[in-house]
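Residue numbers (the numbering used here), protein chains in the order written: chain A, 158 to 610; chain B, 158 to 610. The beta carbon of each residue, even a glycine, is placed where N, CA and C say it ideally should be. Beneath this line is the structure, given in C-alpha cells, with notes to follow.
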C-alpha cells in the first residue's frame with residue numbers, strides 16, 4: 158500500500174522520456190513492461206504527454222494491453238486519435254470491460270458505420286445498455302448514470318434483501334445504497350447499506366427506507382446534476398424517467414469529472430479559448446482561437462475610431478498619446494476584476510435578482526473608491542513629471558470616470574448577458590474592454606480637448 | 158420525493174424578497190416558518206443573499222433554529238458575520254451537531270478566548286476530536302478527514318465484523334468501507350461493505366481485504382487530496398500518520414468542496430482578484446483589489462515609457478497614435494489565450510518537463526499563423542483606409558512580431574513562474590500584458606520611425 162499516490166509521481170517526465178527512448182529504438186518488450194505496470198490514469202497521462210506520432214506507435218504496440226479504463230480518462234482529441242489506431246474488434250474488447258455509460262462516451266464520436274461494427278461484436282445485453290445510454294443527449298443525467306444497481310421490491314423484508322445480495326453474483330463492489338421500487342418500478346426511496354446491515358432480518362425494508370432522497374430526471378443537464386450533488390453532499394443519486402421509474406444511478410466520481418469539466422470551461426472561456434485545445438493539432442488550434450481575436454479586432458477598431466476623433470488634440474499635445482493607454486488599461490483591469498467576481502457568483506447561484514441591485518451598487522462604490530485612489534496617485538505623478546497641474550487634473554478625472562464605468566459595466570454586462578440566455582463567461586470580457594477602452598480614451602482625450610487646448 | 162432539487166428552486170429571488178419583507182415588518186413567526194422549512198444549503202443561500210444588516214437580524218431571530226450544517230456551507234466572510242451574532246453557548250450547540258472536521262473549520266476563525274469558551278461547553282470526546290483536527294494546518298488531509306469510521310482488527314472473521322457493526326449504536330449511516338488494521342493500528346486495507354455482505358461468516362476478513370488501496374498522509378495538501386480522488390475515482394480515502402496508523406477517512410463530498418474551491422481560486426486569480434470578495438464589505442473589497450491595480454499602474458507606466466521614446470514620430474504622424482492600441486491589444490488577447498491554456502495544463506498536470514518544449518513550439522507556431530492572418534487583414538484594412546501601403550506593411554509586421562511574442566511569453570511566463578515556485582495563475586497575466594504592450598508599441602512605433610519618417 159502506498160502512502161502517497163499521484164499520477165505525477167507515477168508518470169514523471171523522466172519516465173515519459175524512457176518511453177520515448179524505447180519507442181525510438183524499437184524496444185517493444187521494454188515498452189510493454191513499462192506501460193503494463195501503470196494505472197489506467199497513468200497510461201492515459203503517458204498517451205497525452207507524447208507527441209501524436211509517438212502516440213500512434215505506442216497504441217500499435219500496446220493494443221489489448223491498453224487498460225480500457227485509460228480510454229475514459231483521455232482528452233477528447235487524444236481519444237479520437239487512439240481510437241483511430243484500433244480496429245472494431247479491439248474497441249469492442251475495451252467496451253466489454255467498461256460500464257455502459259463510459260462505453261457510450263467512447264463510441265459516441267466514432268463514425269456511424271464503425272460504431273455499428275463495434276456494437277455488433279458485443280453481447281445483446283451490453284449492446285442494449287450502450288444504445289440506451291447513447292439515446293440520451295450528451296451531458297445529461299441519462300448519459301452519466303450507470304445501470305448496474307441493486308433494486309428490490311417494496312414488499313420485501315431485510316432478510317430477503319440480504320439473501321438476494323448474497324446470491325447475486327453480478328453485483329458490483331461499489332454498492333452503497335439499496336433502492337426500493339414499487340410494483341411498476343417507481344422509486345420509493347433508498348436504504349444505505351450500513352443501515353441495512355444493522356437491521357433485523359424480519360423488518361420490512363419499507364420501515365428503514367429513506368423516502369425523501371433526491372433524485373434526478375434522466376434529461377437533467379450535467380451542470381444541474383453537479384449542483385444537486387454539491388448542495389446535498391451526495392455520494393450517489395438515483396435517476397428516474399418522467400413516470401418516476403428508476404433508470405439508473407449516478408456516482409459521485411463521475412460528477413467530479415463533470416465539476417472539473419465545467420470549471421475548466423469557465424476558466425477557458427474567460428480567457429477567450431473556446432475549448433481545451435492543448436491536444437489539438439497546430440492548425441486546428443490556430444483556427445479555434447482566431448474567431449475570438451477577430452472579435453477583438455472589431456472592438457480595437459472602435460477604440461481607434463474614438464482616438465481618431467481627437468487627432469487634432471493629440472497633434473498639439475503629443476504627451477496625451479503617451480498617457481492615454483494608462484487610463485484605458487487601468488479601466489480594463491479593474492473591470493476584469495468585477496467581471497470575474499460577477500461571472501463566478503452567477504455560476505454558483507450566489508448572485509440572483511434578490512441581491513443584484515445591492516451587488517451592482519457595491520461594485521460601483523468599489524470602483525469609485527479605487528478610482529479616487531488611483532486618480533490621486535496618477536494626477537500627482539503627472540504633475541510631478543510634467544509640472545502641469547491641468548494635465549494632472551484631466552488624467553485624474555478620466556481615471557475616476559473609467560474606473561466607475563468599468564465597475565458598472567463589469568457587473569451589468571454579465572448579469573445582462575445571463576438574462577438574455579447568453580453565457581456570461583464567454584462574451585463579458587470583450588464587451589467590457591470595449592467599454593473601458595472607449596470610455597478611457599473618450600474621457601481622457603475629451604477632457605483634454607476641452608480644458609487643455 | 159422531489160424529482161428535481163436545486164437550491165435555486167428552493168430559494169428563489171421571490172422567496173428572498175418575502176423574507177426581507179417579513180424582516181422589515183418584524184413578522185418574526187412568519188420568518189421562522191419560512192426559514193425552518195429550508196434545507197441547510199437553502200438557509201445558507203438566504204444568509205448569503207440578504208444584506209449584512211438583514212443577516213444580523215435574521216440570525217438574531219433564528220438562533221438555534223439555524224441548521225448547524227448551514228454554517229458549513231457559508232462563505233468565510235458571511236460565516237464570520239453570523240458567528241459574531243451568536244454567543245459561545247449557541248456556537249457550541251451547533252458544534253455538537255457537526256462532524257469534528259466541520260466544527261473545527263467553524264471554530265478556527267474565532268478569537269482565541271471565544272474558541273476556548275466554546276470548546277469548554279463540549280464533551281471531552283468532542284473537544285478532543287475538534288482540537289486534534291485543529292492541530293493540523295488548514296487545507297490539509299488531517300483537517301478534511303472525519304474520525305468516525307469502522308475499523309476492525311486483522312484477525313477477525315466476517316461474522317465477528319458483522320456482529321460488531323450490528324451492535325455498535327454510534328456508527329454513522331454513511332459507512333461504505335470497513336478498514337482493517339493490525340495490532341498497532343496500522344492500516345492493512347479495506348473491505349467494501351457490499352463485498353462483506355456477500356462473504357460467508359467464518360471467512361477471515363483478511364481473505365477479502367483490498368490491501369492495495371490508496372491512502373493519504375495527514376499532512377497532504379488539499380490540492381493533492383483532490384488529485385488522488387480524481388485519479389483513482391475514489392469515494393473515500395483513509396488517512397494515516399507517519400507510521401501508517403489509521404487516523405481517519407476523507408469522504409468525497411468534502412473533496413467536491415475542495416475541487417470547487419481550487420477551481421474558484423484559479424478563476425479569480427486569473428481575473429486579478431485574490432479571493433472571493435463577493436461578501437466582503439465595500440471598503441475591504443476596494444482594499445483587496447487595489448494591490449493588483451497598483452501592479453498594473455507600474456506595467457502601464459512601462460508601456461508609456463516606450464511610447465514616450467517615440468513622441469517625435471507621433472508628432473509627425475499622428476495616425477500612429479490612433480492605430481497603436483490595436484497592435485498592443487491584439488497581442489494582449491492572443492497572449493491571454495495561451496496563458497489560460499498553459500495555466501490550466503500546468504494545474505492539471507498535463508504539461509510537464511516531458512512535453513513542455515513541444516508545447517511551447519506549438520504555441521509559437523499558432524501565434525505565427527494567427528499573426529500572419531491578422532497582419533494581412535489589418536495591413537489591407539489600413540492600406541484601404543489611408544491609401545498608404547508602407548503604413549499597412551508596418552502595422553502588419555508589428556502585428557506578426559507581437560502575436561509571436563505573445564505566444565512565447567504566454568507559454569514561457571507561467572512555466573517559468575511555476576519552476577520558481579510562484580503560482581502562475583496569479584501573476585502570469587501582468588507579466589504577459591507588460592510584454593505585449595512593450596513589444597506592441599515598440600515594434601509598431603519603432604518600425605514606423607525607421608520606415609515612415
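Limits of the unbroken beta strand (DSSP E) element including residue i
| i | result |
| --- | --- |
| residue 408 of chain A | 403–408 |
| residue 310 of chain A | 307–310 |
| residue 344 of chain A | 344–349 |
| residue 335 of chain B | 334–338 |
| residue 393 of chain A | 393–397 |
Minimum Cβ-Cβ distance from residue i to chain A less than 7 angstroms
| i | result |
| --- | --- |
| residue 596 of chain B | no |
| residue 321 of chain B | no |
| residue 333 of chain B | yes |
| residue 351 of chain B | yes |
| residue 428 of chain B | yes |
| residue 276 of chain B | no |
| residue 450 of chain B | yes |
| residue 605 of chain B | no |
| residue 204 of chain B | no |
| residue 262 of chain B | no |
| residue 515 of chain B | yes |
| residue 435 of chain B | yes |
Straight-line Cα distance separating residue j from residue i
| i | j | result |
| --- | --- | --- |
| residue 320 of chain A | residue 199 of chain B | 40 angstroms |
| residue 176 of chain B | residue 533 of chain B | 59 angstroms |
| residue 470 of chain A | residue 604 of chain A | 11 angstroms |
| residue 434 of chain A | residue 291 of chain B | 42 angstroms |
| residue 378 of chain A | residue 264 of chain A | 20 angstroms |
| residue 363 of chain B | residue 584 of chain A | 57 angstroms |
| residue 586 of chain B | residue 325 of chain B | 56 angstroms |
| residue 418 of chain B | residue 190 of chain B | 32 angstroms |
| residue 341 of chain A | residue 405 of chain A | 15 angstroms |
| residue 443 of chain A | residue 432 of chain A | 12 angstroms |
| residue 579 of chain A | residue 517 of chain A | 19 angstroms |
| residue 594 of chain B | residue 505 of chain B | 29 angstroms |
| residue 572 of chain B | residue 588 of chain B | 13 angstroms |
| residue 343 of chain A | residue 450 of chain B | 57 angstroms |
| residue 257 of chain A | residue 183 of chain A | 36 angstroms |
Check: residue i C-beta below 6 angstroms from any heavy atom of the ligand FAD
| i | result |
| --- | --- |
| residue 192 of chain A | Inclusion of the ligand FAD in the displayed structure is not the case, the ligand content being empty and no account of it being possible. |
Beta-carbon proximity of residue i to residue j, cut-off 7 angstroms
| i | j | result |
| --- | --- | --- |
| residue 424 of chain B | residue 501 of chain A | yes |
| residue 631 of chain A | residue 180 of chain A | Residue 631 of chain A lies beyond the stretch modelled for chain A, which goes from 158 to 610, so this question has no answer here. |
| residue 347 of chain A | residue 334 of chain A | yes |
| residue 515 of chain B | residue 608 of chain B | no |
| residue 308 of chain A | residue 403 of chain A | yes |
| residue 239 of chain A | residue 206 of chain A | no |
| residue 201 of chain B | residue 230 of chain B | yes |
| residue 544 of chain B | residue 536 of chain B | no |
| residue 493 of chain B | residue 492 of chain A | no |
| residue 296 of chain B | residue 337 of chain B | no |
| residue 498 of chain A | residue 430 of chain B | yes |
Interface flag, residue i vs chain B, CB-CB below 7 angstroms
| i | result |
| --- | --- |
| residue 471 of chain A | yes |
| residue 483 of chain A | yes |
| residue 556 of chain A | no |
| residue 497 of chain A | yes |
| residue 453 of chain A | yes |
| residue 509 of chain A | yes |
| residue 446 of chain A | yes |
Where the alpha helix (DSSP H) through residue i begins and ends
| i | result |
| --- | --- |
| residue 585 of chain B | 581–609 |
| residue 324 of chain A | 315–324 |
| residue 497 of chain A | 476–504 |
| residue 200 of chain A | 197–206 |
Query raised in the report: On the three-pair Cβ rule with 8 angstroms, is the region 210–226 of chain B touching the region 512–529 of chain A?
Result: Look at the beta carbons and you see the region 210–226 of chain B not touching the region 512–529 of chain A: under three pairs across the two are nearer than 8 angstroms.
Query raised in the report: Are at least three pairs of beta-carbons, each pair with one atom in the region 557–566 of chain A and one in the region 477–489 of chain A, less than 8 angstroms apart?
Result: Touching, yes.
Report task. Would you check if the region 267–274 of chain B and the region 459–476 of chain B touch, i.e. whether three or more CB-CB distances between them fall below 8 angstroms? Result -> Under the three-pair Cβ rule at 8 angstroms, the region 459–476 of chain B does not count as touching the region 267–274 of chain B.
Requested in this report: Give a yes or no on contact between the region 505–513 of chain B and the region 587–603 of chain B, applying the rule of three or more CB pairs nearer than 8 angstroms.
Outcome: No, the region 505–513 of chain B does not touch the region 587–603 of chain B.
Query raised in the report: Given 8 angstroms as the limit, is there contact between the region 248–259 of chain A and the region 273–283 of chain A, that is, 3 or more CB pairs closer than that?
Result: Result yes; three or more Cβ-Cβ pairs closer than 8 angstroms.
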